[in-house]
Structures are given as structure tokens and as C-alpha cells.
Amino acid sequence: MSTIYQRWALAAMSILPQAYGSVLSPTPPMGFNNWAALMCGLNESIFVDTARTMASSGLLAAGYNRLNLDDCWSTMERAHNGSMLWDSEKFPRGLPWLTSFLKSLGFIPGIYTDAGIKSCGGYPGAFGYEEIDAKDFSNWGFEYLKMDGCNMPTGTEAEYKKVYGKWHSILSKMPKPMVFSESAPAYFAEAANLTDWYAVMEWVPEYGQLARHSRDTLVFNSTLYWPDITGWDSILFNYGQEVRLARFQKPGYYNDPDFLNVDHFDLSLEEKKSHFAIWSSFSAPLIISANVTRLTKEEIAYLTNKDIIAVDQDPLVQQATLVSQDTNWDVLTKSLANGDRLVTIINKGNSTATHSVPLERIGLVEKNLVKVKDLWTSKTSIAIKKVAATNIPSHGTAILRISAAEHSLGKVIPTGKIFNTFSLGTLTATSRSKLSWASSSGTDGQVWQTRDDQTIRPLSDTNQCLTESGNGEITLRECNKRRGGQQWDYLYSGNVQSIATQKCLTESTGGTVTAEKCLYLDNTQVIALPGGVDIVKK
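Throughout the sequence shown, residue numbering follows mature numbering (1 follows the signal peptide of the UniProt record, and there is no 0), covering -21 to -1, 1 to 517 in sequence.
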């Protein structure tokens, strides 16, 4: 390529935490936010009681150390000097007192604002008051800032970038660092054209430590907002957004699929556990939004599962990516910093069932014995050729840690589903040479190896390579180092680009697989690849 690129091998390398000493948040934040459970009903006593309960129940010791206020903490008007004023009826001893109290118990306090003219709840926004608000928040003792993006003057992607970029510049100069949680992507996530969403996702990792990429998970009175959506639907919706964005995650920046709604009335215990297991597989922020003082022993138990939290907080912070999908089952996998592999199996069906996954589907091609640890039960077993999860309840999730039983796991080949993140069409080997973009079926023709030699091969026949002929046609042909058109780069933009012709993998009309001139953030060319692929960034 004529342009000099920087390769990011974020998913394939082992990263030591000390290597990221300058990173503000080397692992995803964990803690509490009031919004989904209480919305505007926050007050001092709720945060005092929540902090005491989290400290006594083991949640703080498990890592949930951030307590974040959300919208509606202020009065409806600013002071004459431009500063925000806390609502003295809700916070009679003031926010500086509250932050001091929270810190005395070992918590890190966080606060909320909105980038626009007014907050989502109609309270004063920060637009035009950025310097004043940042200074006040810091002086009051806050070390985490969640910023929504309601009521922006024009609402364009360029305006969001300018305003959030301004906040990044201000926060970077503060005497004490402040974790910056950006909600900007959520305002573009459900557009008819996703180009602006992709554009926002490209710059939020440069400005903050986490970004909420789509809609809220269901709040406590959710039937008023989304009467036709169940709690499980809400989890799967945000999950479906998250899996499109794995290429952006890295140590210090995390895709945020929103809160853990632990006590939502429309979730079964198995669905709540799935929520936690899936978010942990993503190395996503684990922010509880619930009435913590009323959580059950079962809820506290799964939230403090050390093995699953270790997956979420793994120093590699790789986001799990899809291996396969069909009507009833989703399988995800990722690498962990010590070389282990994670396998997460989601039962979307309506009955208890068993599911097995061949080891080659999770990137393990050497025929070694492996040790399988069930992270729910801590039970271990030995496997060869495949791993199995038995009796997974409806809407339940198995989460398995795979390690070497003897020598090593051997070489890991990034393997899994390749799909268009706009249409969700899956790259499919339909015959020995033909390809299409099709609905997910979970067959080996939809599971792809992405090898170090930069070839892409279907698991249905790993002697065949994705081949670009030069005239726009893409087929499967026998892999041959001397044949051009079989090596591909994966760009940070989501383009899969032929090294030989510089053309990009494209979903054309009717699900046809073609190579076309590369377009920037175009809906036909933004593709998700398995985690572990080197990412090329301009």
C-alpha cells in the first residue's frame, strides 16, 4: 500500500498491565449507576445506602468501586456565575460531602452531564459551559464523567465530534484524571444509513475510556417506553449492536452496551446471569443499575463470580466475537492474556438443551487435549476435538475457559463469522467455488479462518481461499502462495481490502460477493471479522 499503516495486533498478543501504566482505565470500569432503576429519583440517602450495601455485601471487594450519579441531580437553572447547582433537597449535605463519604468507604465517585443545551431530562446541559463544569466537577471530588448527547444545537456528527473533542481537551488538562464515558454513538446507532455511527465510533476511542454505542437497556418502567420489548429482547438488541464493533476495543477504551439491570421485573434469573456472562465475555463495563439494597443472595452471588469477573477484567480486554449463529445458538470466543481461550454459548431457544463446539471453530487446530473449566460451577473436565455445554437453560449462557491439559493449546487461528455490520449478511461458502452474503445458519461454510499469511478460508474446506480475480469477481480457489488476490488486509474502518488490487470486499445487490473500489464507511463494505485479526490503521 502507498499509505504507511500501523498494525494493531490487539487481540493476538499478551499484554501486561504495567505496559499500560499511562492508560487511565486499563480494564473496564465496574460499579453502580442509578438511572435504569431510579431514573430521576436519585438522592443522597440512596447513594449512602447503596455504598454501605455494596461494601458489606462483597460487591466492592469484587471490583465494583465506582458510584455514578446520573441525570437530574441539579436544579433546573444555573447560578449567576454559570455554575451548576446541586438540588439541595435531594443532596442536603452537598455533593462535596457525598464524594468525601463515598471515598471514605473506598469508592470512586462519578457524575453526569449532557453535551447539549439541556440534558435528556430537561436539566441544564453543558453546551457553552464546558470549562466551568469540568472545574466544578473536579473540585467537588468527582473522578468519572458520563456525558449524554441530547439536545445538541444541530445534531450532526461533525458537531458531536467537535463538542466531545473539546471535552477531551479540557479533561486532559485537569490536575487529576477523570474517566470519560461518551454516549455520542447512541444518537446515530439506529439511522437508516450507519455511516455517521461508524464515524463516531472511530473517534470516541481517542477522546474517552468508554462509549455507549446504542440504546438504553430497559429501565424499571420500560413498558412506558417500549411496550413490545421484553427484558431479554433488550439484552439481545444491545448485544447485537456490540458484536459489530469489536475492532475498536483496546486497553484503555471499551465498547459499552449499557447497564446491568439486575433487578428488572421482566428478566428471569437465567437471563440476568446471561446478561452478566455476555457483558463479561465482551470485557464490557460492568455497571449495575438496580436497587442494590434489595438484591437477592442469588443475584449477589453471580455478580461476584470471581472467575467471570476475571474474564471481564483480563488485561488483554479482547472483546469476544462471533464464531457462529443460528436460530437457537450463538457461540463467541476470545483470547485471554495467559493464552487461554474463552467460549461463550448462548441458548436463545425456548427449552433446555446441549450444544457442542469443535475446537477448530474456536481457533484451536492442533489435536491437543484441553482442560475445560465451567466458570459457573468451577468444575473442570478434559476434552479433545470439541467442547460441550450440557443442559443450558432457555436463555441461559455457558461460559467456558479453555486451557492446555498437557503442553500448550498450540497456535490460535482467529476463526469465526464474517458479516456485513449494516445488513448482517454473513459471508457464506455455498459450494466449492461460489460465495454469497446470506442469513446466519451456523454451518462450516459460514465459519472462516483468518490466517497469518493473510488468507481467508472457510472451515468447510480450508484448502480453499477467498480470491479476488481483479475484475470484481470473488470466488473460492485453491490456496496458492503464487496466486495473486488471496491476501487481505483488515482496516480500522471495517474494510477488508485486497492487497493485490486495493479493492474491498463488498455486499452487492442480491447478496452477491464482489470486490469494488474501497469506499469509506459505506454500508456495503463495513465488515466484522473474528477477534485476533491484525487491524490496519491509517
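Note that the Cβ used here is the ideal one computed from N, Cα and C, for glycine as well.
Anticipated Cβ contact below 8 Å, residue i with residue j, distance rounded
i, j, result
"N13", "F70", "Wrong, their Cβ atoms sit about 13 Å apart, outside the cutoff."
"Q425", "T407", "5 Å"
"Q465", "T446", "5 Å"
"D286", "S357", "7 Å"
"F86", "G95", "With 8 Å as the limit, F86 and G95 do not qualify as a contact, their Cβ atoms being about 29 Å apart."
"S62", "D115", "5 Å"
"T275", "D28", "That pair is no contact at about 17 Å."
"D175", "G128", "Actually they are not in contact, since the Cβ atoms of D175 and G128 sit about 12 Å apart, beyond 8 Å."
"Y102", "D50", "6 Å"
"T312", "I341", "4 Å"
Contact check, residue i vs residue j, beta carbons under 8 Å
i, j, result
"P304", "S419", "The amino acid at residue 304 is misidentified as Pro; the sequence shows Gln. Their beta carbons are under 8 Å apart, which means Q304 touches S419 by this criterion."
"F11", "Y43", "yes"
"P7", "S262", "yes"
"A34", "L46", "no"
"V336", "V351", "no"
"E110", "I149", "yes"
"T78", "D66", "no"
"L338", "V302", "no"
"P443", "E452", "The amino acid at residue 443 is misidentified as Pro; the sequence shows Gln. The answer is no: Cβ separation not under 8 Å."
"P230", "V296", "yes"
"Y471", "R226", "yes"
"I485", "T503", "First, the residue type needs correcting, since residue 485 is Thr and not Ile in the sequence shown. Against a cut-off of 8 Å, the Cβ pair of T503 and T485 comes out as a contact."
"L379", "R411", "no"
"S259", "D207", "no"
"T331", "N370", "yes"
"L197", "N240", "yes"
"V158", "S4", "yes"
Simplified DSSP assignment, three categories, for residue i
i, result
"G449", "coil"
"V222", "coil"
"R461", "coil"
"E161", "strand"
"H334", "strand"
"M180", "helix"
"M153", "coil"
"T480", "coil"
"F26", "helix"
"P8", "coil"
"F244", "coil"
"G(-1)", "Confidence at G(-1) is low in this model, with a pLDDT of 43, below 50, so its placement is unreliable and the value that follows should be read with caution. In this structure, G(-1) counts as coil in the three-state DSSP scheme."
"T441", "coil"
"A507", "strand"
"Y233", "strand"
"I171", "In the sequence under discussion, the amino acid at residue 171 is Ala, which differs from the Ile named in the question. The answer is coil: DSSP assigns A171 none of H, G, I, E or B."
"Y355", "According to the sequence as given, residue 355 is Trp; it is not Tyr. Three-state DSSP puts W355 in coil, outside helix and strand."
"K516", "strand"
"Y469", "strand"
"K140", "helix"
"N399", "strand"
"R57", "coil"
Reference residue i, options the options, closest by Cα
i, options, result
"residue 519", "K276, V310, A171, F401", "Residue 519 lies beyond the range of the chain shown here (-21 to 517); nothing can be said about it."
"W467", "G490, E486, R436, E457", "R436"
"Q433", "V492, I514, V302", "I514"
"F26", "L48, W355, A15", "L48"
"K243", "M9, C497, E486, L17", "What sits at residue 243 in the sequence shown is His, not Lys. If we check each option's Cα against that of H243, L17 comes out closest."
"A383", "I363, Y166, A289", "I363"
"M9", "R430, E385, P88", "P88"
"L84", "V2, T32, Y108, H59", "T32"
"G463", "A417, K482, Y139", "K482"
"N399", "Y143, S151, L173, K155", "L173"
"A171", "K516, S402, R461, G489", "S402"
"N217", "F238, Q228, N200, F199", "F238"
Residue i at chain B interface by Cβ criterion, 8 Å
i, result
"Y186", "Any reference to chain B falls outside this structure, which holds one protein chain only."
Residue i CB to nearest heavy atom of the ligand FMN below 7 Å
i, result
"A30", "The ligand FMN is absent from the structure shown, which contains no ligands of any kind."
Practice item. Would you be able to state if there are at least three C-beta pairs under 8 Å between the segment 492 to 512 and the segment 381 to 390? Key: no
Practice item. Spell out a yes or no on whether the segment 111 to 122 and the segment 73 to 83 are touching, meaning 3 or more CB-CB pairs, one atom from each, closer than 8 Å. Key: yes
Check your understanding: Counting pairs of beta carbons, one from the segment 34 to 50 and one from the segment 259 to 269, are three or more of them closer than 8 Å?
Key -> yes
Review point. Are there three or more Cβ pairs, one per stretch, closer than 8 Å when the segment 364 to 379 is compared with the segment 238 to 256?
Key: yes
Review point. For the 8 Å Cβ check, are there 3 or more pairs between the segment 336 to 349 and the segment 214 to 226?
Key: no
Exercise for review: Determine, using beta-carbon pairs with one atom in the segment 273 to 287 and one in the segment 208 to 215, whether at least three such pairs fall under 8 Å.
Suggested key: no
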